[in-house]
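This report concerns only the one structure given below.
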Amino acid sequence: MPESSLAPLIVIDLQTGMFDGRFEPPIHDAEGIVARARAVIDWARESGRKVAFIRHDGPQGDPLAPGAS
0 MPESSLAPLI VIDLQTGMFD GRFEPPIHDA EGIVARARAV IDWARESGRK VAFIRHDGPQ
60 GDPLAPGAS
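Structure (structure tokens):
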């Protein structure tokens with residue numbers, strides 16, 4: 000199938016600050032969500048699909064600021 004006919008995968012708000020429980024409430028089954036997301040991302044890449052990551056950006060010093068770990 001030509002690359003142009005493959006739907007891309009868009010991944011939204013899966014940055015560490017959403018899952019580590021330090022600043023946001025713990026997410027139910029966070030480990031399972033991350034594992035399933037990784038599997039889907041791997042599948043998309045292996046099938047030649049483009050993968051785009053969209054994330055919330057907080058201000059400097061915020062746990063969701065760009066580059067925060």
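Under numbering that gives the first Met the number 0, the residues of the sequence shown are numbered 0 to 68, in order. Even for Gly, the Cβ is constructed at its ideal location relative to N, Cα and C.
Let me make sure I understand the geometry here. Which of G47, A67, P7 has the alpha-carbon closest to that of P58?
A67
Would you identify the three-state DSSP class for I53, choosing helix, strand or coil?
strand
Any contact between the segment 35-45 and the segment 6-13? By contact I mean 3 or more CB pairs, one from each, below 8 Å.
yes
Taking Cβ positions, are G16 and L63 nearer each other than 8 Å?
yes
Quick check: what's the CA-CA separation for P25 versus S4?
38 Å
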